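My numbering puts the first residue of the sequence shown at 2, with every later residue one more than the last. Beta carbons: idealized from backbone N, C-alpha and C, even for Gly. A quick note: this is a predicted structure, and the numbers were derived from the prediction, not measured. See structure below.
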Amino acid sequence: MTEFGKIRGKVVVITGGARGIGLATATRLQSLGAKIAIGDVDETAVKESGAAKDFDHYGRLDVTDQQSFSTFLDEVERQLGPIDVLINNAGIMPTGKLVDEPDALTRRILDINVYGVVLGSKLALARMLPRRSGHVINIASLAGESHIPGLATYNASKHAVLGFTDTLREEYRGTGVSFSSVLPTLTKTELGSGVTPPKLLRPAEPEEIADAIAKLLVAPKAKVRVTAVAGTIAQVFGLLPQSVGDALGRALGSQHAFLDEVDSSERKAYEERVRSGTEGTGTE
Numbered sequence: 002m003t004e005f006g007k008i009r010g011k012v013v014v015i016t017g018g019a020r021g022i023g024l025a026t027a028t029r030l031q032s033l034g035a036k037i038a039i040g041d042v043d044e045t046a047v048k049e050s051g052a053a054k055d056f057d058h059y060g061r062l063d064v065t066d067q068q069s070f071s072t073f074l075d076e077v078e079r080q081l082g083p084i085d086v087l088i089n090n091a092g093i094m095p096t097g098k099l100v101d102e103p104d105a106l107t108r109r110i111l112d113i114n115v116y117g118v119v120l121g122s123k124l125a126l127a128r129m130l131p132r133r134s135g136h137v138i139n140i141a142s143l144a145g146e147s148h149i150p151g152l153a154t155y156n157a158s159k160h161a162v163l164g165f166t167d168t169l170r171e172e173y174r175g176t177g178v179s180f181s182s183v184l185p186t187l188t189k190t191e192l193g194s195g196v197t198p199p200k201l202l203r204p205a206e207p208e209e210i211a212d213a214i215a216k217l218l219v220a221p222k223a224k225v226r227v228t229a230v231a232g233t234i235a236q237v238f239g240l241l242p243q244s245v246g247d248a249l250g251r252a253l254g255s256q257h258a259f260l261d262e263v264d265s266s267e268r269k270a271y272e273e274r275v276r277s278g279t280e281g282t283g284t285e
């Protein structure tokens, strides 16, 4: 059996699976023999991606709606069997100054990025605990360990995901259910379109995140940061005195990367979709 042999036959559900990291992860795990179910609030996109990749199950999923999420998981289990892995990937990342952020958009970021993760984890636990087996993987971000001007609410949501996942990991220790956080750097998906990464930090490919998730399924651990370089820099910054860390961040360009240096024309399609309420894919 190869390193990834344990993945074969596992039933894996991925939210926000129509594009980006979610789709890359679904494709990677399918290649390793997993049974894949993807859900996304964009019904057209999820059906196109699901059919093109011949996933085992795909359909509309609104992670902010309890009935939608519960019904989707029930359908997966009826069709494919007990869910082994839930990957809470759906997320949005609008950019801009907080004072200019409409209240409806603030609530939408928190509903998808935080409540969607809480709800998905709760529903998965209810299924996994009786079997004493399962793995919940929550896609956070290196933004959850830092503070980036132009992403205040997004940063808050990812800090919340990290704290939530760490707490569940201890709360359910010894139950057979594992919890992991994945912390990507800025990734080459539409979510990161029009953004110039800070100096020294190359953007990650979605396939790198997918590979990291595959390794988590083989050997679960609390956190994985992608890329390794970006993760190391984020951890080092966390150990520095605040004034030093902030100054270094400004020197690397974090003060402007998600504000006045954003290419608004390149980013326009993504921003319009997340603000209109038809975006459920993510992240990074």
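Beta bridge pairing from DSSP links Ile-39 with Ile-15 and Tyr-59. Taking 8 Å as the cut-off, the Cβ atoms of Leu-218 and Val-225 do not count as close.
Burial state of Arg-203 is exposed, judged by a 10 Å Cβ sphere holding fewer than 16 other Cβ atoms.
With 16 or more other Cβ atoms inside 10 Å of its own Cβ, Lys-36 counts as buried.
Taking a contact as a CB-CB distance under 8 Å, the pair Asp-41 and Gly-18 counts as one, their CB atoms being some 6 Å apart. By the criterion of a C-beta distance shorter than 7 Å, Thr-197 is surrounded in its chain by Ala-258 and Glu-262, once the five residues flanking it on both sides are discounted. Beta-bridge pairing by DSSP links Val-86 to Val-13 and His-136.
Per DSSP, Leu-111 lies in no beta strand (DSSP E); the unbroken alpha helix (DSSP H) holding it starts and ends at 104 to 111. Contact annotation: Gly-195 and Gly-151 have beta-carbon atoms that are not nearer than 8 Å. Distance from the CA atom of Leu-192 to the CA atom of Ser-122, rounded to whole angstroms, is 23 Å. Residue environment: Glu-171 is assigned as exposed (fewer than 16 neighbouring CB atoms within 10 Å of its CB, all protein chains considered).
Leu-249: member of the alpha helix (DSSP H) spanning 243 to 253, first to last residue. The beta-bridge partner set that DSSP reports for Lys-224 consists of Ser-182. With distances taken between CA atoms, Gly-10 lies nearest to Val-86 out of Asp-104, Gln-256 and Val-86.
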